[in-house]
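As you go down the protein sequences, you meet chains Y and G in turn.
Read in my numbering, the first sequence has 1335 at position 329, and its numbers run on one by one without any break.
Read in my numbering, the second sequence has 1085 at position 79, and its numbers run on one by one without any break.
The C-beta atom is built at its ideal place from N, Cα and C for all residues, glycine as well.
If you're wondering where the values come from, they're calculated on a predicted model, not measured in any experiment.
2 protein chains.
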Amino acid sequence: MSSEQAHVVTIREVAAAAGVSIGTASKALNGRGKLREETRARVSAAAERLGFRPNPLAQGLLQGRTYTVGLVTGDSFGRFSIPVMLGAEDALGAGQISVFMCDTRDDPIREQHYVERLLARRVEGIIVTGRRTEPRPSIGADLPVPVVYAMTQSASDDDFSVIPDDRGGGALAARHLLATGRTRIGHVTGPERFEAARRRAEGLTDALAEAGTGLAGDPLFGEWTEEWGRQGADILLRAHPDVEAVFCGSDQIARGVSETLRERGRRIPDDVAVVGFDNWEPMVEGCRPPLTTVDMNLGEIGRIAAEHLLEAIGGAPRARGVLTVPCSLVLRESTRVS
Amino acid sequence: MSSEQAHVVTIREVAAAAGVSIGTASKALNGRGKLREETRARVSAAAERLGFRPNPLAQGLLQGRTYTVGLVTGDSFGRFSIPVMLGAEDALGAGQISVFMCDTRDDPIREQHYVERLLARRVEGIIVTGRRTEPRPSIGADLPVPVVYAMTQSASDDDFSVIPDDRGGGALAARHLLATGRTRIGHVTGPERFEAARRRAEGLTDALAEAGTGLAGDPLFGEWTEEWGRQGADILLRAHPDVEAVFCGSDQIARGVSETLRERGRRIPDDVAVVGFDNWEPMVEGCRPPLTTVDMNLGEIGRIAAEHLLEAIGGAPRARGVLTVPCSLVLRESTRVS
DNA sequence: GAAAATAAGGAATAGGTTTTCCTTCGCAGA
DNA sequence: TCTGCGAAGGAAAACCTATTCCTTATTTTC
């Protein structure tokens, strides 16, 4: 039916079709200036009929705006950065802003290259996101556009980063386990060199201390893998056979832990409760039983980052430092009270 | 040090700084026209010093090109679409083309909305990608720019889709298992309504038939979940206690299958070999033992899709139909020959 | 030494839209 | 009849770059 014309129609043709000048057509379509109602209608009808869309290049050129931002990630748009991106897109899309996607593959050269390209394209801002929340080198000082780091943290204090509240997440898990009557609690988590691992452990131990109890042994730092979860659980059971709960630094670790617990004859949650971290659906649902876990609200992080970026683009004074977003606890079988 | 000016510098200022006209500056920077070497150098130096970057809006307006394409996904940029995207980006980035990212959340309204937006932005082409390879409604007939479907398939024969060779993948698994001396082979896979599931089963049974043997029972169609994998393995073991190998429709299913096999006292790979599908790292590596699996070469799919899009943009006659990309087998412990 | 060719670079145009400023017309008031 | 005003819409500038066409000065050729 609607046989599309490959030819892109301009406002000039709309104006001609409606029998008015270009300027008048523009005013009619944008509701500006003084025009008769009949004229406006005639122009609108012509535009509709011809399928006119204003050329954003021309508009942008004139207004000096592009309504685009860049999104730079080193996570290969993986598990962490995706929800962040979606949240960001939500906030940006509402403002009619489109997103240029760049994956750096964690290569600083590529990253620099992409930043150049984004600036050349006159993006109005940049969001940087990553695989982990670890501090990373600033993407560049004195860039001509605002930059926000989401789910990763710039090493420079002059930059602005939005990351999850890992301490709070640890505390959340601790308080939940205490509330369900468990006091002998172990902790198996990722490498100690990761700030996220350290902060989660801190949040856990501090919350336990506040309640007048302590961790069963030291936190077991290892790897972010299932395999380490299995080993860690073994170590924990040997040192503390009477452990009542395990808080794990990630859902993958929690899976490993759960498996070993089961194999050692511990029932979950009756004998030992397990709490994970990440709320990563395929891991959490495949776990037996389904895993209570801490959700970092990644979408929220992305949304907040994007909102800050929009404000900065709008001229608000540029924020600095780190903003933490609260985690929330997602309850499932693995910590049920029998 | 380099205190950046918020003011964006134009070629006019470069020209003024170099003491030449705008046109001359343009020629100098682009290596066109007849200019003295000294002049070129002077202009280049001025451009460098002022940090000049040509405004892509102005360039695009003039050339009638934008050097952008849209990437539309319903997969929330998940496990499948991400590698596809990266492959596509590889091919496009080399051509200095930037990618607008759009996530439809599988909502047709949002999708239509995004397509509108992309067209308004004058993208030169669109890549559509999805969660599964199932046929989906065409994104629109007679669009003014070329469209390629990657890892998803348009229901319209007029469109062009690039998808993995699921049949071939099934055959690959079959031949590998046969080569390692297993002949009693079972199949646990996803819902029968999925073409991907049916084609993988076909590839498997056909390859077995070719070798003069047959499947142990009918394919067990179910869900794409670990839970179903566990159930499916139970059903299979009850009907065929002497099964020597199981080919699974996904890595998640394979995990469930492996778990049940282990619990029923079967050693992997000594008693029963297991092959998965997807080569999804966290699943495959967490599996005990690590899983031999079929890789769909998603990056390759993305790259091929992007290359076709580039050709179409370049004016090549638009391709139609479906292009399948071969899968490859990734060998790990779960099918080792003892 | 004059005509022609070449080198070097300037002026102007195009691209699509928005906005500012101007023109024209009809009509009210004096 | 003339002045003034508001309504309606046209003309042109502006945004920034690339390119085509010219102009000017220099060199070559006969």
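Legend entry - Where PRO1062 (chain Y) meets chain G, residues with beta-carbon distance less than 8 Å: Here residue 1062 (chain Y) is taken as the residue at index 56 of the first sequence, counted from 1. ALA1126, ARG1127 and ARG1128, listed in chain order.
Legend entry - Interface flag, PHE1067 (chain Y) vs chain G, CB-CB below 7 Å: Taking the first sequence and counting its residues from 1, the one referred to as residue 1067 (chain Y) is at position 61. According to the sequence displayed, residue 1067 (chain Y) carries Leu and not Phe. It does: the Cβ of LEU1067 (chain Y) has a partner Cβ on chain G nearer than 7 Å.
Inset, instruction - Answer yes if the segment 1210-1226 of chain Y comes into contact with the segment 1190-1202 of chain Y, meaning at least three C-beta pairs across the two stretches below 8 Å, and no otherwise. - result: Contact holds: three or more Cβ-Cβ distances are below 8 Å.
Legend entry - Sufficient close CB pairs (3 or more, under 8 Å) joining the segment 1283-1293 of chain Y to the segment 1315-1322 of chain Y: No, because fewer than three Cβ pairs between the segment 1283-1293 of chain Y and the segment 1315-1322 of chain Y fall closer than 8 Å, the two stretches do not touch.
Legend entry - Assigned secondary structure, TYR1073 (chain G) (DSSP; H/G/I helix, E/B strand, else coil): Sequence index remark: in the second sequence, residue 1073 (chain G) carries index 67 (1-based). Correct three-state label for TYR1073 (chain G): coil.
Legend entry - Ordered list of alpha helix (DSSP H) runs contained in the segment 1181-1249 of chain Y, each at least 4 residues: Those alpha helix (DSSP H) runs which fall completely within the segment 1181-1249 of chain Y and span 4+ residues are 1201-1216 and 1232-1245.
Legend entry - Residue(s) in a DSSP beta bridge with ARG1142 (chain G): Position 136 of the second sequence, counted from the start, is the residue given in the question as residue 1142 (chain G). Its beta-bridge partners are G:SER1160.
Legend entry - Best match in G:GLY1136, G:VAL1263 and G:PRO1143 for proximity to VAL1194 (chain G) [C-alpha to C-alpha]: Here residue 1194 (chain G) corresponds to residue number 188 of the second sequence, with the count starting at 1. That would be G:VAL1263, whose Cα lies nearest to the Cα of VAL1194 (chain G).
Inset, instruction - Decide if GLY1066 (chain G) is buried, meaning its Cβ has at least 16 other Cβ atoms within 10 Å, or exposed. - result: As a working mapping, residue 1066 (chain G) is identified with position 60 in the second sequence. Taking all protein chains in view, the Cβ of GLY1066 (chain G) is crowded by 16 or more other Cβ atoms within 10 Å, so the residue is classified as buried.
Legend entry - Closest Cα partner of LEU1149 (chain Y) within the set Y:THR1135, Y:ARG1123, Y:ASP1171 and Y:MET1157: Residue mapping note: residue 1149 (chain Y) aligns to position 143 of the first sequence, counting from 1. Checking every option, the nearest Cα to that of LEU1149 (chain Y) belongs to Y:ARG1123.
Legend entry - chain G contact for LEU1267 (chain Y) (CB, 7 Å cutoff): Here residue 1267 (chain Y) corresponds to residue number 261 of the first sequence, with the count starting at 1. Under the 7 Å criterion on CB atoms, LEU1267 (chain Y) is classed as non-interfacial with respect to chain G.
Legend entry - Cutoff 8 Å; reference VAL1371 (chain Y); Cβ partners in own chain excluding five residues on either side: Because chain Y is modelled from 1007 through 1344, residue 1371 (chain Y) falls outside the range shown and cannot be assessed.
Legend entry - Whole-angstrom distance between GLN1237 (chain G) and SER1340 (chain Y), CA atom to CA atom: As a working note, residue 1340 (chain Y) is residue 334 in the first sequence. As a working note, residue 1237 (chain G) is residue 231 in the second sequence. Each residue's Cα considered, the two are about 21 Å apart.
Inset, instruction - Put SER1256 (chain Y) into one of helix, strand or coil per three-state DSSP. - result: Counting from one through the first sequence, the residue named residue 1256 (chain Y) turns up at place 250. Coil at SER1256 (chain Y), not helix or strand.
Legend entry - One or two residues paired with PHE1086 (chain Y) in a DSSP bridge: Here residue 1086 (chain Y) refers to the residue found at position 80 when the first sequence is read from its first residue. Looking at the DSSP assignment, PHE1086 (chain Y) forms no beta bridge with any residue, so it has no partner.
Inset, instruction - Have a look at PRO1332 (chain G) and LEU1210 (chain G) and give me their C-alpha separation to the nearest angstrom. - result: Your numbering for residue 1332 (chain G) matches position 326 in the second sequence. Your numbering for residue 1210 (chain G) matches position 204 in the second sequence. Straight through space, the alpha carbons of LEU1210 (chain G) and PRO1332 (chain G) are spaced by roughly 15 Å.
Inset, instruction - Return the chain-ordered list of same chain residues with a C-beta closer than 7 Å to the C-beta of ALA1024 (chain Y), the five sequence neighbours on each side being excluded. - result: Translated into the one-based positions of the first sequence, residue 1024 (chain Y) becomes position 18. Around ALA1024 (chain Y): ALA1031, ARG1048, VAL1049 and ALA1052.
Legend entry - alpha helix (DSSP H) segment containing ALA1147 (chain Y), residue limits: Counting from 1 along the first sequence, the entry for residue 1147 (chain Y) is found at position 141. Looking at the DSSP string, ALA1147 (chain Y) is not in any alpha helix (DSSP H), and its letter there is neither H nor E.
Legend entry - C-beta neighbour in chain Y for GLY1209 (chain G), strict 7 Å: Taking the second sequence and counting its residues from 1, the one referred to as residue 1209 (chain G) is at position 203. So no, GLY1209 (chain G) is outside the interface.
Legend entry - Sheet register partners of PRO1170 (chain G) (DSSP bridge): As a first step, residue 1170 (chain G) must be located in the second sequence, where it is residue number 164. Beta-bridge pairing links PRO1170 (chain G) to G:VAL1331.
Inset, instruction - Find out if the Cβ-Cβ distance for the pair LEU1063 (chain Y), VAL1105 (chain Y) is shorter than 7 Å. - result: What you label residue 1063 (chain Y) is simply residue 57 of the first sequence in a count that begins at 1. What you label residue 1105 (chain Y) is simply residue 99 of the first sequence in a count that begins at 1. With respect to VAL1105 (chain Y), LEU1063 (chain Y) sits apart: the two C-beta atoms are not nearer than 7 Å.
Legend entry - Segment limits, alpha helix (DSSP H) that includes ILE1307 (chain G): For the purposes of this step, residue 1307 (chain G) is taken as residue 301 along the second sequence, with counting starting at 1. Start and end: 1304-1319.
Legend entry - Beta carbon of PRO1176 (chain Y) nearer than 7 Å to that of LEU1242 (chain Y): The sequence position of residue 1176 (chain Y) within the first sequence is 170, counting from 1. The sequence position of residue 1242 (chain Y) within the first sequence is 236, counting from 1. Here residue 1176 (chain Y) is Gly; the residue named in the question, Pro, does not match the sequence. Contact: no.
Inset, instruction - Using 10 angstroms around the beta-carbon of GLY1292 (chain Y), count the other beta-carbons present and answer buried if the total reaches 16, otherwise exposed. - result: As a working mapping, residue 1292 (chain Y) is identified with position 286 in the first sequence. Around the beta carbon of GLY1292 (chain Y), a 10 Å sphere encloses 16 or more other beta carbons of the protein chains shown; the residue is thus reported as buried.
Legend entry - Short Cβ contact (7 Å threshold) for ASP1096 (chain G) with ARG1294 (chain G): Along the second sequence, one-based indexing puts residue 1096 (chain G) at 90. Along the second sequence, one-based indexing puts residue 1294 (chain G) at 288. With contacts defined by Cβ atoms closer than 7 Å, ASP1096 (chain G) and ARG1294 (chain G) do not form a contacting pair.
Inset, instruction - Counting only runs of 4+ residues fully inside the segment 1269-1306 of chain Y, write out the alpha helix (DSSP H) ranges in chain order. - result: Runs of the alpha helix (DSSP H) inside the segment 1269-1306 of chain Y: 1287-1292.
Inset, instruction - Return the bridge partner residues of ALA1052 (chain G) from the DSSP annotation. - result: By one-based count along the second sequence, residue 1052 (chain G) stands at place 46. According to DSSP, which records beta bridges pairwise, ALA1052 (chain G) is partnered with nothing at all.
Inset, instruction - Starting from the C-beta of PRO1296 (chain G), find all residues in its chain whose C-beta is less than 8 Å away, skip the five residues before and the five after it, and write them out in chain order. - result: Locating residue 1296 (chain G) in the second sequence gives position 290, counting from the first residue. Excluding residues within five positions, the ones whose Cβ falls inside 8 Å are VAL1290, ARG1338, GLU1339 and SER1340.
Inset, instruction - Run the CB neighbour count on ARG1018 (chain G), radius 10 Å, all protein chains shown included, and call it buried at 16 or more, exposed below. - result: Residue 1018 (chain G) sits at position 12 when you count from the first residue of the second sequence. Exposed is the call here.
Inset, instruction - Establish whether the CB of ARG1038 (chain G) and some CB of chain Y are separated by less than 7 Å. - result: What you label residue 1038 (chain G) is simply residue 32 of the second sequence in a count that begins at 1. It does not: the Cβ of ARG1038 (chain G) has no partner Cβ on chain Y nearer than 7 Å.
Legend entry - Reduced DSSP category for ASP1096 (chain Y) - H, G, I as helix; E, B as strand; rest coil: For the purposes of this step, residue 1096 (chain Y) is taken as the residue at position 90 of the first sequence. Here ASP1096 (chain Y) sits in helix by DSSP.
Inset, instruction - Thinking LEU1125 (chain G) and LEU1335 (chain G) are a contact (beta carbons under 8 Å), I'd like their distance in whole angstroms, please. - result: What you label residue 1125 (chain G) is simply residue 119 of the second sequence in a count that begins at 1. What you label residue 1335 (chain G) is simply residue 329 of the second sequence in a count that begins at 1. LEU1125 (chain G) to LEU1335 (chain G), Cβ: 41 Å. No contact.
Inset, instruction - For GLU1117 (chain G), I'd like the list of residues in its chain whose CB is within less than 6 Å of its CB, leaving aside the five on either flank, ordered along the chain. - result: The sequence position of residue 1117 (chain G) within the second sequence is 111, counting from 1. Listed in chain order, the non-local C-beta contacts of GLU1117 (chain G) below 6 Å within the same chain comprise THR1110, local neighbours out to five positions each way being set aside.
Legend entry - VAL1263 (chain G) - DSSP class collapsed to helix/strand/coil: Here the question's residue 1263 (chain G) lines up with position 257 in the second sequence. Reduced to three states, the DSSP call for VAL1263 (chain G) is helix.
Legend entry - Proximal chain Y residues relative to GLU1339 (chain G), where beta-carbon distance stays under 7 Å: For the purposes of this step, residue 1339 (chain G) is identified with residue 333 of the second sequence, where counting begins at 1. For a Cβ distance threshold of 7 Å, nothing in chain Y lies close to GLU1339 (chain G): the least Cβ distance comes to about 13 Å.
Legend entry - Contact set between the segment 1103-1117 of chain G and chain Y, restricted to residues whose Cβ is under 7 Å from the partner: From the segment 1103-1117 of chain G, only SER1104, VAL1105, PHE1106, MET1107 and ASP1109 have a Cβ closer than 7 Å to chain Y.
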